[in-house]
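Peer 1: Below is the structure I would like to discuss, written out as structure tokens.
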Amino acid sequence: MPLRVVVAGATGVVGRTLLPLLRDRGHHVTALVRHADRLDGAVAVDDVAVADVLDPPRLRRELARVEPEVVIDQTSGFGGAGQDEGLRRTARLRENGARNLVDAAVAVGARRIIGQSMTAAYRPHGHDVLDEDSPLWTEAPGCWGDAVRALAAMEEAVLTRPDIEGVALRYGALYGPDTQFAPGGAIHARVCGSELPLVDDGVGLTSFTHVEDAAGAVLELLASGEPGTYNVVDNEPAESAEWLPAYARMAGGPAPVSLTMDQARTQLDWLTVHQLTEQRGATNFRLRETLGWRPAWPSWREGFASLFGLWAA
Ligand SMILES: NC(=O)c1ccc[n+]([C@@H]2O[C@H](COP(=O)([O-])OP(=O)(O)OC[C@H]3O[C@@H](n4cnc5c(N)ncnc54)[C@H](OP(=O)(O)O)[C@@H]3O)[C@@H](O)[C@H]2O)c1
1 MPLRVVVAGA TGVVGRTLLP LLRDRGHHVT ALVRHADRLD GAVAVDDVAV ADVLDPPRLR
61 RELARVEPEV VIDQTSGFGG AGQDEGLRRT ARLRENGARN LVDAAVAVGA RRIIGQSMTA
121 AYRPHGHDVL DEDSPLWTEA PGCWGDAVRA LAAMEEAVLT RPDIEGVALR YGALYGPDTQ
181 FAPGGAIHAR VCGSELPLVD DGVGLTSFTH VEDAAGAVLE LLASGEPGTY NVVDNEPAES
241 AEWLPAYARM AGGPAPVSLT MDQARTQLDW LTVHQLTEQR GATNFRLRET LGWRPAWPSW
301 REGFASLFGL WAA
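Those letters in the sequence shown? Residues 1 to 313, per full-length UniProt numbering, in order.
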């Protein structure tokens, strides 16, 4: 059944990918943007709502005009920012922007809200691959801790309001065209500049999500699926000792240098060391079992290869 859908963050890498998929399914799609001129003219939408999610009165006015049944939050503060600044901006969006969106969605009678979270936020413990019942690492140090607490606050805002169905999609490391893994992106630059080394035995796990799968999972959960949290990741969590050299090879960059843990602690930021050495992966079992979802990109291997024109899909 066609739905009236609002996408916040419509100009972002996930938002841009999602808009045509929604329209192809016959939904009435409104792009919620801060600046209408940032919306790519090639992307067709039914309506444009101009509002900053950090401006509650304007946001509510626009949603009241559009009367959506589903509100999707794909905002992020990472675009164009360094790691710490991106985390700070995203934390603000998750903590305040998400609450504003939930309030506005409830006020206009929307049926469902879909928020964006991260599998990287799980506290590293126990098994290598964590499911949705694993705790978020809200006591993590530094600005990573601030970011995870903001994610937890966002999930609470989205999931606990009795008058709306809340879904929180926990994405893995987003990759694909225009992401930080693509040529010109931050990870690409760090790998090609020999700034992302192998640390110790490189057992930190990353679960990856292609942007097409990030968008595809939203379609699955638009009107079906129980409210709650869902990991949206590929089938192959990978140790940094595995994906980093493979990525460097495919990107045509130098092989990563190796550092001991002591060297890494003096040369790299805390978050990078954590990701490379102790982060855990996530399982997509819940989404597969409950909705039959399958990632279009089941492994980062093909996904990275496609990013560099080495794989014919
Ligand atoms: N989850 C992860 O794995 C992760 C972690 C770190 C970095 N990254 C990288 O970060 C990027 C994330 O992609 P993305 O699509 O999430 O983000 P993005 O491409 O940076 O897009 C962010 C979206 O949020 C919108 N936005 C930001 N602040 C807003 C506000 N106050 N009110 C309304 N809209 C607002 C932006 O609109 P404007 O056009 O107005 O700016 C834009 O549409 C990728 O390059 C990814 O590789 C991802």
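From the three backbone atoms N, C-alpha and C, an ideal C-beta is built for every residue, glycine too.
Tell me whether D269 counts as near ligand 1, meaning its Cβ is closer than 7 Å to at least one heavy atom of that ligand.
Peer 2: no
Peer 1: Would you mind working out which of I164, G80, L291 and L54 sits nearest R111, comparing C-alpha positions?
Peer 2: Out of I164, G80, L291 and L54, the CA that lies nearest to the CA of R111 is found in I164.
Peer 1: Take V33 and list the residues in its own chain whose beta-carbon comes closer than 7 Å to its own, dropping the five residues that flank it on each side.
Peer 2: Same-chain partners within the cutoff: A10, T11, L39, V48 and V50.
Peer 1: Residue range of the alpha helix (DSSP H) that D24 falls in?
Peer 2: V13 to D24
Peer 1: Considering only heavy atoms of ligand 1, does any lie closer than 7 Å to the CB of Y171?
Peer 2: yes
Peer 1: On a CA-only basis, which of R61, C143, G126 and A246 is nearest F181? Give me that one, please.
Peer 2: A246
Peer 1: Just to confirm, are L18 and V158 a CB contact at a threshold of 8 Å?
Peer 2: no
Peer 1: Check whether the segment 183 to 199 and the segment 230 to 238 touch, using three or more Cβ-Cβ pairs below 8 Å as the test.
Peer 2: no
Peer 1: By Cβ distance, which residues of its chain are closer than 6 Å to H27, with the 5 residues on each side in sequence left out?
Peer 2: Around H27: P2, L3 and V5.
Peer 1: Just tell me which of A215, L198 and M250 has its CA closest to the CA of G309.
Peer 2: M250
Peer 1: Mapping DSSP to helix, strand and coil, what is G82?
Peer 2: The answer is coil: DSSP assigns G82 none of H, G, I, E or B.
Peer 1: Which whole-angstrom value is the C-beta distance of V148 and L136, which I expect to be below 8 Å?
Peer 2: Under the criterion of beta carbons closer than 8 Å, V148 and L136 qualify as touching, at roughly 5 Å.
Peer 1: Is R61 near ligand 1, with its Cβ less than 7 Å from a heavy atom?
Peer 2: no
Peer 1: Within the chosen definition, does the segment 291 to 310 reach the segment 207 to 214 through at least 3 CB pairs nearer than 8 Å?
Peer 2: yes
Peer 1: Is the segment 92 to 112 close to the segment 57 to 73, with three or more CB pairs under 8 Å?
Peer 2: yes
Peer 1: Measure the C-alpha to C-alpha separation of Q275 and R92 and round it to an integer number of angstroms.
Peer 2: Cα atoms of Q275 and R92: separation of roughly 22 Å, rounded to the nearest angstrom.
Peer 1: Any heavy atom of ligand 1 closer than 7 Å to the CB of S76?
Peer 2: Because some heavy atom of ligand 1 lies under 7 Å away, the Cβ of S76 counts as near it: yes.
Peer 1: Give me the Cα-Cα distance between D201 and S240, rounded to the nearest whole angstrom.
Peer 2: 9 Å
Peer 1: Within the present structure, is the beta-carbon of M250 separated from the nearest heavy atom of ligand 1 by less than 7 Å?
Peer 2: Outside the cutoff, so no.
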